[in-house]
Structure formats: structure tokens, C-alpha cells
Amino acid sequence: MTGEPAWMRAIKSARQQVAGILRRDRIADAGSISTQAETGGEQSRSDVRTGLNDLPLEIRQMVVENLHDLRDLNNFRKVSRGTHDVVESLPAAANFYAAVREGGRLAEDLHERTYPKKGLPEVPPDYSHPNEQAGLPVSADEYIGALGPTLRYLSATHRSNIVKDVHRLSNRDAKAASIANIAKHGADLKLKDVSDLTDDALKIFGTKKRVHDQTPFAAARAIVRLNDRHELNRPMLKKLTKLINKDPILENVFDTVQSDHWDAAAPIDAARGNAVGPVGRQTKRVMEQLREKFEGALNDTTISAQQRMKTVGSVATSIPEEINTRRAELLNRLREPPGRG
2 MTGEPAWMRA
12 IKSARQQVAG
22 ILRRDRIADA
32 GSISTQAETG
42 GEQSRSDVRT
52 GLNDLPLEIR
62 QMVVENLHDL
72 RDLNNFRKVS
82 RGTHDVVESL
92 PAAANFYAAV
102 REGGRLAEDL
112 HERTYPKKGL
122 PEVPPDYSHP
132 NEQAGLPVSA
142 DEYIGALGPT
152 LRYLSATHRS
162 NIVKDVHRLS
172 NRDAKAASIA
182 NIAKHGADLK
192 LKDVSDLTDD
202 ALKIFGTKKR
212 VHDQTPFAAA
222 RAIVRLNDRH
232 ELNRPMLKKL
242 TKLINKDPIL
252 ENVFDTVQSD
262 HWDAAAPIDA
272 ARGNAVGPVG
282 RQTKRVMEQL
292 REKFEGALND
302 TTISAQQRMK
312 TVGSVATSIP
322 EEINTRRAEL
332 LNRLREPPGR
342 G
């Protein structure tokens, strides 16, 4: 695990690269225009044309792959004056901003109104029953599974409180599935939270007493996803290797999960998000429709708790889908050559 996320390392590297480009271009410009820019006069031509497409390929890819929320957008503006001007001039950037703002508000409401106030219940998951079975209580992993897609839009403190709830669960089955769901959605976690969740997942993965055959698979998924998102430290990886080497069954489980994980990994489709319309209006309407669906489920007394959480999960999944659509739209515009709007 590293204390600094890949996004921030990319920004630092990008700034260094851009600084080199600007120094090179200013020397070529013989200093006349650049001097005016530095003293508050006319803007440097090199500053204007230096944007996303001027960054080295590997830095450019890391930047666009990590443009997820308002913090990322604001950090991206700071890469150079050129990137700041490009972002400020694009309606697609305003649409992305609206999507994250409205989506974040809805995500907070989902948690405020559906997440258990007293913490996650000690209800074991029953793998043999469909989620919609009437009368079946909602288990911890079902809460996390439904709300997981919105974790990245909550505050760091809120996320940590949820991690603590999962860490306190005594039921291994529910805990393993909950950790796997938290890790699935790639939310930034504090180092202690990652450490606690990984330690829990390793203990569950290595236990000999298994109530459900699916539990070691859930624990393995949690470990693979946590390592993929947060880069587990050497002692944790060493412990994992020791567990696998001692038990051929666990080795098969882990190999299967790891293979499925990499097969499922796919790049974000940046060709989406071509909708046009007034800035932010379409996104606002989408979020309004999602809120109506959420409110309808909360007020419907004829459905079971299981059915209600299924609807909540559908709404939670749709929030990042809308944000990703607007993100793709913005990335398409950022990839265009300078001067095309």
C-alpha cells in the first residue's frame, strides 16, 4: 500500500512534464511573449497550446483514467494554464460538474435514508434464497452491495464509518461478501481501513470452518480487489502466499477468482456521452428521475425490505453510470486537438 494515490502521483508527474514543455517553448519563443505573460501582460502562446494532448502518452492515459470527481477535475485544471483554460471553456466540463454534484447529493440521501442507523445487522446471507423472498431480513452484505456504487461520492469520514461497521461484523460470510463489495467499487479508503479490511479478508480466506462454500470465494475476491485498488503491502502479500501454498483448495479458489477478475476488467468506453443539450439540464433530469424512483420504493408499503433494497441498488448503480457518461463526454472533448471548441 502506498500513502499517495496513483492520481496524485500522475498529477505531480504531469506538472513536471508540462513545466519542461513550457521551458522548452519559452526558449524557442525568444522570451518576448512569455515575459509579457509572466508580468501580467499577454498570455504566452506556449501556455495556451499546452493542454492534455501535449502531455506524454503514459501521463495522459493515467490522467484521463482517474478523472472521476470534482477533486480530480480541480486537480486537472492545475496541471497547466492550458489545461485550466481548456476545462473552463468546455460545456462538457460543466455537464460533468453537474453530474457529480447532483449525483453526490443523491448518493448522500441514499445512505442517510436507507443505511441502518445502529450499524450493519448481524444477519447472515443465505445463498440459497432469492433476494426478493418476502420476510427475509436484509443482511449486511446486501446493504453494502446495494449502496456500494455510491461509496466513492461520500466523505472520507462517512466511508470510514461504514468500513468500521463491516470490520465489527462477527458473521464471516456477511463480512467477506461486504468487504468484496466495498473493494469492488474502487472508492478511496484510508490506509487503516484498507489494512483492517485486508486483514479480515485474509483471516476469513484461511479459516478451516466454512459455513458456505461461497465464503472463501468472497474473501478471495475481496483480497484481489483490494490489491488491485490499493496495492497491498509486502507482509500481507506474504501472508496470502503462505495460505495458498499450504492449501491446494485455497490455491484453486484464488486462481479462479483472480482469473475471473482480470477477464472482467475492461477499459471505460469513452465513446459514450454524445448527448447534447443545455448545460447540466439533461443530467439534472436524470437525477430527478432516479430520486423519484428511490422515493417511490421508500413509500411503497406493499413491497418487502428485500425488494426495496433491490430498487435502492438499481438507483445507486445508475448514479455512477450517469457520471461516467458525462465523464466520457468530457474526455472525448479533451482529446480533441486545441481550437475545436
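Adding 1 to a residue's 1-based position in the sequence shown gives its number in the working numbering. Beta carbons are placed, not taken as given, at the ideal position from N, Cα and C, and that holds for glycine. Every value quoted in this text rests on a predicted model; they were computed, and no experiment measured them.
- Residue state for D110 is assigned as helix, using DSSP reduced to three classes.
- Distance from the Cα of S315 is smallest, within the candidate group S140, T151, L137 and H69, for T151.
- CA-CA distance, T302 to L238, rounds to 48 Å.
- Assignment of E232 by DSSP, reduced to helix, strand and coil, places it in the coil class.
- The stretch 175 to 184 makes no contact with the stretch 101 to 111, as fewer than three CB pairs between them are under 8 Å.
- Cβ contact annotation for G297 (same chain, cutoff 7 Å, sequence separation greater than five): none.
- Comparing alpha-carbon positions, the option among K193, Y144 and R153 lying closest to K165 turns out to be K193.
- Taking 4 residues as the minimum length, the alpha helix (DSSP H) runs contained wholly in the stretch 136 to 223 are 141 to 148, 157 to 169, 173 to 185 and 192 to 207, in order along the chain.
- The beta carbons of A202 and L227 sit closer together than 8 Å.
- With a threshold of 16 other beta carbon atoms within 10 Å, E252 falls short and is exposed.
- D248 sits in coil when the DSSP states are folded into three classes, being neither helix nor strand.
- Taking S319 as the centre and dropping the five residues before and after it, the same chain places the C-beta of L291 closer than 6 Å to its C-beta, in chain order.
- Ranked by Cα distance from T216, the first of D70, F255, S196 and N333 is F255.
- Cβ-Cβ separation between A175 and V313: approximately 18 Å, too far for a contact (criterion under 8 Å).
- It is roughly 19 Å from the alpha-carbon of I250 to the alpha-carbon of R173.
- By the beta-carbon neighbour count (other beta carbons within 10 angstroms, threshold 16), S140 is buried.
- In the DSSP assignment, D73 falls within the unbroken alpha helix (DSSP H) covering L71 to R78.
- Minimum Cα-Cα distance from H159 among the listed residues S196, G120, K247 and S171 corresponds to G120.
- Under the three-state reduction of DSSP output, E123 falls in the coil class, being neither helix nor strand.
- In this structure, the beta-carbon distance from A221 to V258 falls below 8 Å.
- Taking all protein chains shown into account, N246 has fewer than 16 neighbouring C-beta atoms within 10 Å of its C-beta and is therefore exposed.
- When the beta-carbon positions are compared, E123 and S171 come within less than 8 Å of each other.
- Beyond the five residues adjoining it in sequence on each side, R153 comes within less than 6 Å, by CB distance, of A188 in the same chain, given in chain order.
- Using a Cβ distance threshold of 8 Å, A100 and T284 count as a contacting pair.
- The beta carbons of H231 and V287 sit no closer together than 8 Å.
- Between the alpha carbons of N333 and E89 lies a distance of about 15 Å.
- Contact annotation: A93 and L299 have beta-carbon atoms that are not nearer than 8 Å.
- A straight line joining the alpha-carbon of Y116 with that of R82 spans about 42 Å.
- Distance from the Cα of W263 is smallest, within the candidate group V225, K204 and N162, for V225.
- Rounded to whole angstroms, F77 and H85 show a C-alpha spacing of 7 Å.
- Rounded to the nearest whole angstrom, the C-alpha separation of I324 and L71 is 11 Å.
- It is roughly 42 Å from the alpha-carbon of A306 to the alpha-carbon of R235.
- Taking the Cα positions, L241 is about 15 Å away from D197.
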